[in-house]
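One structure is given here, and the rest of the page talks about it.
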(Lines of atoms letter the chains of each structure in order from A; the text may use other names.)
(Lines give C-alpha, C1' and ligand atoms only; values in the text may rest on other atoms or scores of the structure.)
Protein backbone atom coordinates (compact mmCIF):
# COMPACT_ATOMS: atom_id res chain seq x y z
CA UNK A 1 0.00 0.00 0.00
CA UNK A 2 2.82 2.45 0.78
CA UNK A 3 4.57 1.83 -2.55
CA UNK A 4 1.26 2.12 -4.44
CA UNK A 5 0.59 5.46 -2.74
CA UNK A 6 4.04 6.73 -3.77
CA UNK A 7 3.50 5.60 -7.39
CA UNK A 8 0.02 7.16 -7.62
CA UNK A 9 1.13 10.52 -6.21
CA UNK A 10 4.22 10.70 -8.38
CA UNK A 11 2.21 9.78 -11.51
CA UNK A 12 -0.23 12.62 -10.77
CA UNK A 13 2.64 15.12 -10.35
CA UNK A 14 4.32 13.96 -13.57
CA UNK A 15 1.03 14.20 -15.51
CA UNK A 16 0.52 17.79 -14.35
CA UNK A 17 4.14 19.06 -14.45
CA UNK A 18 5.61 17.08 -17.37
CA UNK A 19 8.54 14.66 -17.81
CA UNK A 20 10.96 17.21 -16.31
CA UNK A 21 9.49 16.43 -12.90
CA UNK A 22 10.16 12.71 -13.46
CA UNK A 23 13.78 13.41 -14.44
CA UNK A 24 14.28 15.55 -11.34
CA UNK A 25 12.87 12.78 -9.13
CA UNK A 26 15.18 10.23 -10.77
CA UNK A 27 18.20 12.36 -9.97
CA UNK A 28 17.22 12.96 -6.36
CA UNK A 29 16.00 9.44 -5.58
CA UNK A 30 18.38 7.31 -7.68
CA UNK A 31 19.74 5.58 -4.55
CA UNK A 32 16.34 5.17 -2.88
CA UNK A 33 14.92 1.65 -3.29
CA UNK A 34 11.35 2.95 -2.93
CA UNK A 35 11.74 4.79 -6.24
CA UNK A 36 13.39 1.91 -8.10
CA UNK A 37 10.25 1.55 -10.25
CA UNK A 38 11.36 4.66 -12.16
CA UNK A 39 14.25 2.66 -13.64
CA UNK A 40 12.29 -0.48 -14.58
CA UNK A 41 11.17 -3.56 -12.72
CA UNK A 42 7.84 -5.15 -11.94
CA UNK A 43 6.11 -1.87 -10.95
CA UNK A 44 7.29 0.19 -13.92
CA UNK A 45 4.34 -0.84 -16.12
CA UNK A 46 1.82 0.17 -13.46
CA UNK A 47 3.59 3.53 -13.05
CA UNK A 48 3.41 4.20 -16.83
CA UNK A 49 -0.28 3.25 -16.83
CA UNK A 50 -1.04 5.70 -14.01
CA UNK A 51 0.83 8.54 -15.77
CA UNK A 52 -1.13 8.01 -19.02
CA UNK A 53 -4.41 7.72 -17.12
CA UNK A 54 -3.83 10.97 -15.22
CA UNK A 55 -2.83 12.77 -18.43
CA UNK A 56 -5.99 11.57 -20.18
CA UNK A 57 -8.19 12.82 -17.33
CA UNK A 58 -6.52 16.24 -17.33
CA UNK A 59 -6.80 16.55 -21.14
CA UNK A 60 -10.50 15.68 -21.08
CA UNK A 61 -11.20 18.26 -18.37
CA UNK A 62 -9.32 21.00 -20.23
CA UNK A 63 -11.05 20.15 -23.52
CA UNK A 64 -14.51 20.29 -21.95
CA UNK A 65 -13.80 23.65 -20.37
CA UNK A 66 -12.52 25.12 -23.66
CA UNK A 67 -15.49 23.81 -25.66
CA UNK A 68 -17.95 25.18 -23.14
CA UNK A 69 -16.28 28.60 -23.18
CA UNK A 70 -16.25 28.73 -27.00
CA UNK A 71 -19.91 27.73 -27.14
CA UNK A 72 -20.92 30.47 -24.70
CA UNK A 73 -18.90 33.10 -26.61
CA UNK A 74 -20.58 32.05 -29.89
CA UNK A 75 -24.05 32.33 -28.35
CA UNK A 76 -23.15 35.77 -26.98
CA UNK A 77 -22.10 37.01 -30.44
CA UNK A 78 -25.32 35.73 -32.02
CA UNK A 79 -27.42 37.39 -29.32
CA UNK A 80 -25.65 40.72 -29.82
CA UNK A 81 -26.19 40.59 -33.59
CA UNK A 82 -29.91 39.86 -33.14
CA UNK A 83 -30.43 42.68 -30.62
CA UNK A 84 -28.37 45.34 -32.47
CA UNK A 85 -30.64 48.42 -33.17
CA UNK A 86 -31.01 49.99 -36.66
CA UNK A 87 -28.20 52.48 -37.42
CA UNK A 88 -30.51 55.46 -38.01
CA UNK A 89 -32.56 55.08 -34.85
CA UNK A 90 -30.21 57.11 -32.70
CA UNK A 91 -29.95 59.95 -35.24
CA UNK A 92 -33.70 60.16 -35.68
CA UNK A 93 -34.24 60.36 -31.95
CA UNK A 94 -31.50 62.97 -31.57
CA UNK A 95 -32.84 65.14 -34.38
CA UNK A 96 -36.35 64.84 -33.04
CA UNK A 97 -35.25 65.95 -29.60
CA UNK A 98 -33.04 68.72 -30.90
CA UNK A 99 -35.67 70.26 -33.24
CA UNK A 100 -37.75 72.04 -30.56
CA UNK A 101 -34.60 73.68 -29.19
CA UNK A 102 -33.57 75.31 -32.50
CA UNK A 103 -36.30 77.94 -32.41
CA UNK A 104 -40.04 78.43 -32.82
CA UNK A 105 -41.83 76.53 -35.61
CA UNK A 106 -42.22 78.42 -38.90
CA UNK A 107 -45.38 80.51 -39.25
CA UNK A 108 -47.27 81.51 -42.39
CA UNK A 109 -47.32 85.13 -41.38
CA UNK A 110 -45.71 87.24 -38.77
CA UNK A 111 -47.81 87.06 -35.60
CA UNK A 112 -48.47 90.10 -33.53
CA UNK A 113 -45.63 91.10 -31.25
CA UNK A 114 -47.76 90.62 -28.13
CA UNK A 115 -48.68 87.08 -29.16
CA UNK A 116 -45.02 86.19 -29.94
CA UNK A 117 -43.84 87.40 -26.57
CA UNK A 118 -46.60 85.60 -24.68
CA UNK A 119 -46.25 82.26 -26.42
CA UNK A 120 -42.53 81.87 -27.04
CA UNK A 121 -40.04 82.61 -24.23
CA UNK A 122 -36.66 83.99 -25.17
CA UNK A 123 -33.97 81.33 -25.81
CA UNK A 124 -30.79 81.28 -23.75
CA UNK A 125 -27.40 80.72 -25.43
CA UNK A 126 -26.78 77.36 -23.64
CA UNK A 127 -30.22 75.88 -24.22
CA UNK A 128 -29.02 73.63 -27.05
CA UNK A 129 -26.74 71.68 -24.63
CA UNK A 130 -29.77 69.79 -23.30
CA UNK A 131 -30.39 68.08 -26.63
CA UNK A 132 -26.72 67.00 -26.92
CA UNK A 133 -26.54 65.32 -23.51
CA UNK A 134 -29.68 63.17 -23.98
CA UNK A 135 -28.86 59.48 -24.45
CA UNK A 136 -31.10 57.05 -26.23
CA UNK A 137 -32.03 53.78 -24.47
CA UNK A 138 -29.96 51.82 -27.02
CA UNK A 139 -26.74 53.40 -25.66
CA UNK A 140 -27.16 51.97 -22.10
CA UNK A 141 -25.03 48.78 -21.78
CA UNK A 142 -26.95 45.72 -20.63
CA UNK A 143 -25.80 42.10 -20.15
CA UNK A 144 -27.68 39.33 -21.85
CA UNK A 145 -28.19 35.94 -20.15
CA UNK A 146 -25.43 34.52 -22.38
CA UNK A 147 -23.04 37.26 -21.28
CA UNK A 148 -23.86 36.56 -17.66
CA UNK A 149 -23.24 32.84 -18.22
CA UNK A 150 -19.87 33.56 -19.86
CA UNK A 151 -18.88 35.85 -17.00
CA UNK A 152 -19.86 33.17 -14.49
CA UNK A 153 -17.86 30.56 -16.43
CA UNK A 154 -14.82 32.83 -16.54
CA UNK A 155 -15.09 33.35 -12.80
CA UNK A 156 -15.28 29.58 -12.24
CA UNK A 157 -12.20 29.06 -14.43
CA UNK A 158 -10.29 31.69 -12.43
CA UNK A 159 -11.30 29.97 -9.17
CA UNK A 160 -10.21 26.58 -10.51
CA UNK A 161 -6.87 28.02 -11.64
CA UNK A 162 -6.32 29.45 -8.17
CA UNK A 163 -7.21 26.09 -6.62
CA UNK A 164 -4.74 24.37 -8.95
CA UNK A 165 -2.01 26.81 -7.91
CA UNK A 166 -2.79 26.22 -4.25
CA UNK A 167 -2.78 22.46 -4.77
CA UNK A 168 0.53 22.72 -6.63
CA UNK A 169 2.05 24.58 -3.69
CA UNK A 170 0.69 21.96 -1.30
CA UNK A 171 2.10 19.20 -3.48
CA UNK A 172 5.52 20.87 -3.45
CA UNK A 173 5.40 21.01 0.33
CA UNK A 174 4.43 17.34 0.52
CA UNK A 175 7.25 16.41 -1.85
CA UNK A 176 9.79 18.27 0.28
CA UNK A 177 8.44 16.57 3.39
CA UNK A 178 8.65 13.18 1.66
CA UNK A 179 12.22 13.89 0.61
CA UNK A 180 13.13 14.79 4.18
CA UNK A 181 11.49 11.61 5.46
CA UNK A 182 13.30 9.53 2.86
CA UNK A 183 16.61 11.18 3.76
CA UNK A 184 16.01 10.42 7.45
CA UNK A 185 15.15 6.80 6.63
CA UNK A 186 18.26 6.51 4.48
CA UNK A 187 20.44 7.87 7.31
CA UNK A 188 18.88 5.41 9.74
CA UNK A 189 19.45 2.51 7.36
CA UNK A 190 23.07 3.52 6.85
CA UNK A 191 23.61 3.66 10.61
CA UNK A 192 22.06 0.21 11.04
CA UNK A 193 24.24 -1.09 8.25
CA UNK A 194 27.33 0.39 9.92
CA UNK A 195 26.40 -1.26 13.20
CA UNK A 196 25.96 -4.59 11.43
CA UNK A 197 29.37 -4.23 9.78
CA UNK A 198 31.01 -3.45 13.10
CA UNK A 199 29.29 -6.41 14.77
CA UNK A 200 30.46 -8.68 11.95
CA UNK A 201 34.04 -7.46 12.24
CA UNK A 202 33.94 -7.92 16.00
CA UNK A 203 32.70 -11.47 15.59
CA UNK A 204 35.49 -12.18 13.10
CA UNK A 205 38.13 -10.81 15.50
CA UNK A 206 36.74 -12.92 18.34
CA UNK A 207 36.78 -16.01 16.15
CA UNK A 208 40.39 -15.29 15.15
CA UNK A 209 41.42 -14.95 18.80
CA UNK A 210 39.73 -18.22 19.68
CA UNK A 211 41.56 -19.96 16.85
CA UNK A 212 44.93 -18.52 17.95
CA UNK A 213 44.23 -19.45 21.56
CA UNK A 214 43.47 -23.03 20.54
CA UNK A 215 46.70 -23.21 18.53
CA UNK A 216 48.78 -21.76 21.43
CA UNK A 217 47.01 -23.80 24.17
CA UNK A 218 46.07 -20.60 26.00
CA UNK A 219 42.72 -20.17 27.72
CA UNK A 220 40.96 -16.94 26.83
CA UNK A 221 38.85 -17.31 29.96
CA UNK A 222 41.96 -17.18 32.11
CA UNK A 223 43.19 -14.17 30.18
CA UNK A 224 39.83 -12.44 30.71
CA UNK A 225 40.00 -13.15 34.45
CA UNK A 226 43.50 -11.66 34.56
CA UNK A 227 42.63 -8.49 32.64
CA UNK A 228 39.23 -7.83 34.31
CA UNK A 229 40.67 -6.44 37.61
CA UNK A 230 42.82 -4.04 35.62
CA UNK A 231 39.77 -2.78 33.73
CA UNK A 232 37.60 -2.54 36.85
CA UNK A 233 39.96 -1.00 39.43
CA UNK A 234 43.30 -0.34 37.69
CA UNK A 235 45.18 -0.84 40.94
CA UNK A 236 48.91 -1.50 41.25
CA UNK A 237 48.35 -5.09 42.44
CA UNK A 238 46.05 -5.83 39.50
CA UNK A 239 48.62 -4.49 37.05
CA UNK A 240 51.46 -6.54 38.63
CA UNK A 241 49.31 -9.68 38.58
CA UNK A 242 48.52 -9.15 34.91
CA UNK A 243 52.15 -8.65 33.99
CA UNK A 244 53.14 -11.79 35.88
CA UNK A 245 50.51 -13.87 34.06
CA UNK A 246 51.64 -12.54 30.69
CA UNK A 247 55.32 -13.25 31.34
CA UNK A 248 54.49 -16.79 32.43
CA UNK A 249 52.32 -17.66 29.41
CA UNK A 250 54.04 -15.73 26.60
CA UNK A 251 56.94 -18.11 25.96
CA UNK A 252 56.62 -18.23 22.15
CA UNK A 253 56.04 -15.79 19.32
CA UNK A 254 52.59 -17.20 18.67
CA UNK A 255 51.55 -16.73 22.33
CA UNK A 256 52.98 -13.20 22.35
CA UNK A 257 51.02 -12.44 19.14
CA UNK A 258 47.85 -13.79 20.74
CA UNK A 259 48.17 -11.69 23.90
CA UNK A 260 49.08 -8.61 21.86
CA UNK A 261 45.99 -8.95 19.63
CA UNK A 262 43.80 -9.60 22.67
CA UNK A 263 45.03 -6.51 24.54
CA UNK A 264 44.74 -4.37 21.39
CA UNK A 265 41.15 -5.53 20.91
CA UNK A 266 40.26 -4.71 24.52
CA UNK A 267 42.00 -1.34 24.38
CA UNK A 268 40.19 -0.32 21.17
CA UNK A 269 36.85 -1.45 22.62
CA UNK A 270 37.39 0.21 26.03
CA UNK A 271 39.95 2.94 25.33
CA UNK A 272 38.85 5.37 28.12
CA UNK A 273 38.81 2.60 30.74
CA UNK A 274 42.25 1.24 29.87
CA UNK A 275 43.97 4.63 29.80
CA UNK A 276 45.69 3.79 33.09
CA UNK A 277 47.22 0.65 31.55
CA UNK A 278 48.75 2.64 28.71
CA UNK A 279 50.29 5.12 31.12
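Residue numbers (UniProt numbering): 1 to 279.
Think of the CB as a built atom: it goes at the ideal place given N, C-alpha and C, for glycine as much as any other residue.
It should be emphasised that the depicted structure is a prediction, and the values quoted were computed from it without experimental measurement.
Using a threshold of 9 Å, state whether the C-beta atoms of residue i and residue j are closer than that.
i           : j           : result
residue 212 : residue 258 : yes
residue 46  : residue 37  : yes
residue 264 : residue 227 : no
residue 216 : residue 252 : yes
residue 57  : residue 15  : yes
residue 186 : residue 31  : yes
residue 175 : residue 13  : yes
residue 261 : residue 220 : no
residue 71  : residue 144 : no
So the candidates are the options; which of them puts its Cα closest to the Cα of residue i?
i           : options            : result
residue 230 : 28, 244, 191, 146  : 244
residue 4   : 20, 42, 30         : 42
residue 33  : 6, 14, 15          : 6
residue 55  : 1, 17, 205         : 17
residue 222 : 249, 161, 237      : 249
residue 181 : 29, 12, 13         : 29
residue 267 : 224, 247, 254      : 224
residue 62  : 193, 160, 166, 174 : 160
residue 81  : 22, 165, 52, 146   : 146
residue 255 : 183, 52, 198, 214  : 214
Counting only the same chain and skipping the five closest in sequence on each side, list residues whose C-beta sits under 8 Å from that of residue i.
i           : result
residue 157 : 65, 69
residue 118 : Because residue 118 carries a pLDDT of 46, less than 50, the predicted location of this residue cannot be relied on, and no value is offered for it.
residue 154 : 69
residue 235 : 229
Tell me which same chain residues have a C-beta within less than 7 Å of the C-beta of residue i, skipping the five on either side of it?
i           : result
residue 10  : 25
residue 275 : Note that residue 275 has pLDDT 41, beneath the 50 cutoff, so the model's placement of it is unreliable and the number below is only indicative. Nothing meets the Cβ criterion.
residue 301 : Because the chain here runs from 1 to 279, residue 301 falls outside it and cannot be looked at.
residue 246 : 259
residue 1   : none
residue 142 : none
residue 188 : none
residue 242 : 226, 227, 230
residue 205 : 265
residue 238 : 229, 230
Kindly list the residues whose CB is nearer than 6 Å to the CB of residue i, restricted to its own chain and excluding five residues on each side of it in sequence; keep chain order.
i          : result
residue 44 : 37
residue 22 : 14
Stretch-stretch touch, CB-based, cutoff 8 Å, three pairs: the stretch 72-79 with the stretch 141-152: Result yes; three or more Cβ-Cβ pairs closer than 8 Å.
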